[in-house]
Amino acid sequence: MPDSKPAVGLEGVVAAQTRLSLVDGQNGVLVIAGFPVEEIAPKASFEEMVFLLWNDRLPNARELEDLRRELASLRTLPVATTRLLRDAAAQKAPVIDALRMAASTLSLRAHGETESTDPRRDAKAVVARFPVIVASYWRLLEGKEPIPADPGLGHAANFLFMLQGKAPSPERARALETYLNTVSDHGFNASTFTARVIVSTGSDVVSAITGAIGALKGPLHGGAPGPALDMVFEIGEKARAEEVLRAKLARGERLMGFGHRVYKVRDPRADVLNGAAKALYKGDADKRLYDLATHVEATALRLLEEHKPGRSLKTNVEFYTALVLHGIELPTDLFTPCFAIGRVAGWTAHGFEQQALGKLIRPQSEYVGPRDRKYAPLERRS
Ligand code: ACO
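Residue 0 is where the sequence shown starts when you use numbering that gives the first Met the number 0, and the numbers rise one by one after that.
Printed below as a string of structure tokens:
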């Protein structure tokens, strides 16, 4: 038997070194490839962020243009992917499940796409095609036909175009880009760890991101922003915040958008997204929702401190994610898929880092069951 107690949930265990992101939970700091999140996320385009994560530096103008053009050229889906999305829509499968199923088909080439010798082809294809899958699937669910991509639009703007049928305002495209950048990477979170474990076996990028989506969809990881917004809507007006939140805590429910495994202070991403939400919510109706949300946040923080004194349950990224994505008129069903559209940049980058490391991830478990059971024939079992 090992002397020390195993770290249940691998809490606090360092499983690898990475140059991709630093998550300092004690001080509320997130650094992505050397840039504090508040420095890079509101300024960079998503394509710049992808280049940064894949190459450990920002691109020059020509490199950025090349990546933009390449990603835009990969937006057509393989025929099998579109067929799968139509079948999934007929069965009204949740969007994140449709994305997971469709992601696994991305090893296939689209019609007219030539075989590639580029070792990063699969990573480029999944980054380029995630938003296309989500937008196309959402339209199919609504009984509409998918809209072809606009190669003239950037990654974020094209997603909104394919979803909403019109090119977004620069403010909306910026807000989405800030969101995607903010969630693009975050240390060894559950989905990234999943992706790295898969790549560490010598498996491929498409397998890794398919597994990662499965890990992301749970409410303890990426499934929280929808419920966080539902909670704000359920409260409806400031005067009801305390009563509704107290009742939830008394029933043993978790307040969505609060608490984090690593951050013991406010999640720095919440501030970046609060800034993006504030810039987006300019009209009176929007401002009412924004004010209500900030009131709900303050009340939740006070009640959580009362409920779990000293636990330091603070606002996490999901709370303001909900406000930003709602502000650009994304339905809540698209919140977690949208998280995947941003995080796939990090998953693929971790895949490259893991490949370069070339070491199998294989922890041990501590067996706590019996050792000397005897096999009883079926007829002797009760
Ligand atoms: N509301 C109420 N109580 C909470 C909350 C919350 N949001 N978060 C944690 N607690 C309580 C737990 O009930 C637990 O209490 P106990 O020790 O008396 O049983 C204690 O605080 C510690 O909780 P754990 O689940 O052990 O902490 P862990 O570090 O494993 O969990 C997690 C972190 C899963 C994010 C948790 O805080 C949570 O469920 N939050 C709500 C869901 C959410 O917002 N998820 C998004 C996370 S951000 C992301 O993944 C991108």
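Here a beta-carbon is modelled for each residue, glycine too, at the ideal position from N, C-alpha and C.
Q. Using the rule of at least 16 other Cβ atoms within 10 Å of the residue's Cβ for burial, across every protein chain shown, is GLY341 buried or exposed?
A. Classified as buried, GLY341 has 16 or more neighbouring CB atoms from the shown chains inside 10 Å of its CB.
Q) Do you know how far the Cα of VAL126 is from the Cα of GLY201? A) 21 Å
Q. Starting from ASP23 and walking both ways along the beta strand (DSSP E), at which residues does that stretch end?
A. From DSSP, the beta strand (DSSP E) with ASP23 extends over 20-23.
Q: With DSSP as the reference, label HIS220 as helix, strand or coil.
A: Note: HIS220 maps to coil in three-state DSSP.
Q.
Restricting to Cα atoms, I'd like to know which of GLY217, LEU152, PRO169, PRO77 is closest to PRO93.
A. Residue GLY217 is the option with its Cα nearest to PRO93.
Q: Out of GLU176, ASN188, ASP96, GLY142, point me to the one whose CA is closest to LEU21's CA.
A: Here the closest residue by C-alpha is ASN188.
(Q) Can you tell me whether ALA223 sits near the ligand ACO, meaning its C-beta is under 7 Å from at least one heavy atom of the ligand? (A) ALA223 Cβ: within cutoff of the ligand ACO.
Q. Under the rule that 16 or more other beta-carbon atoms within 10 Å means buried, what is GLY59, buried or exposed?
A. Residue 59 is actually Asn in this sequence, not Gly. Its Cβ having fewer than 16 others within 10 Å, ASN59 is exposed.
Q. By how many angstroms is the C-alpha of ASP149 removed from the C-alpha of ARG99?
A. 24 Å
Q. Using the C-alpha atoms, what's the distance from GLY8 back to PHE45?
A. 32 Å
Q: Using alpha carbons as the reference points, say which of VAL367, HIS349, VAL261 lies closest to VAL12.
A: Nearest option by C-alpha distance: VAL261.
Q: Report the rounded CA-to-CA distance for ALA238 versus PHE232, giving the unit in angstroms.
A: 13 Å
**Q.** Candidates GLN90, GLU47, ARG108, ALA87: closest to ARG74 by CA position
**A.** ARG108
Q.
Do LEU19 and ALA348 have their beta-carbon atoms positioned less than 8 Å apart in this structure?
A. yes
Q) Over what stretch of residues does the beta strand (DSSP E) that includes LEU70 continue unbroken? A) Counting along the chain, no beta strand (DSSP E) covers LEU70; the unbroken alpha helix (DSSP H) around it starts and ends at 60-72.
Q) CA-CA distance, ARG82 and TYR136? A) Straight-line Cα distance between these residues: approximately 11 Å.
Q) How many angstroms separate the CA atom of PRO145 from the CA atom of MET161? A) 7 Å
Q: My understanding is that HIS154 touches LEU70, with C-beta atoms under 8 Å, so please give their C-beta distance in whole angstroms.
A: 6 Å
(Q) Pairs of beta-carbons, one from the region 180-194 and one from the region 206-224, closer than 8 Å: are there three or more? (A) yes
Q: Going by CA-CA distance only, name the one from PHE257, ILE132, LYS373 that's closest to SER103.
A: ILE132
Q. Across which residues does DSSP place HIS185 in a beta bridge pair?
A. PHE187
Q | Backbone CA spacing between THR416 and PRO130 [nearest angstrom] | A | In the structure as shown, the chain begins at 0 and stops at 381. Residue 416 is therefore absent and cannot be evaluated.
Q: Excluding the 5 residues preceding and the 5 following SER364 in the sequence, name in chain order all residues of the same chain whose CB lies nearer than 8 Å to its CB.
A: So the list reads PRO5, once near-sequence residues are dropped.
Q. What do you get for GLY151, buried or exposed, if any count of 16 or more other CB atoms within 10 angstroms of its CB means buried?
A. exposed
**Q.** Span separating the alpha-carbon of ALA174 from that of ALA275
**A.** Near 6 Å, if we compare the C-alpha coordinates of ALA275 and ALA174.
Q.
Using CA atoms only, rank isn't needed, just tell me which of GLU47, ASP55, VAL204 is closest to ARG61.
A. GLU47
Q. How close, in whole Å, do the beta carbons of LEU228 and ALA321 come, if the pair is a contact with beta carbons under 8 Å?
A. 4 Å
Q: Answer with buried or exposed for PRO376, where buried requires no fewer than 16 other C-beta atoms within 10 angstroms of its C-beta.
A: exposed
Q) Can you check whether the CB of PHE334 is closer than 8 Å to the CB of VAL256? A) With the sequence shown as reference, residue 256 is identified as Gly, and Val is not the correct amino acid for it. Cβ distance not < 8 Å, so GLY256 and PHE334 don't count as in contact.
Q: Please report the residue range of the alpha helix (DSSP H) in which VAL30 lies.
A: Careful: VAL30 lies outside any alpha helix (DSSP H), inside the beta strand (DSSP E) at 28-31.
Q. Is THR75 helix, strand or coil when you go by DSSP?
A. coil
Q. With 16 as the cutoff for other CB atoms within 10 Å, does GLY345 come out buried or exposed?
A. With 16 or more other CB atoms across the displayed protein chains lying within 10 angstroms of its CB, GLY345 is buried.
Q.
Could you tell me the alpha carbon to alpha carbon distance between THR331 and GLU64, rounded to whole angstroms?
A. 32 Å
Q) Going by Cα to Cα distance, which pick from ALA97, ASN315, LEU300 is closest to GLY309? A) LEU300
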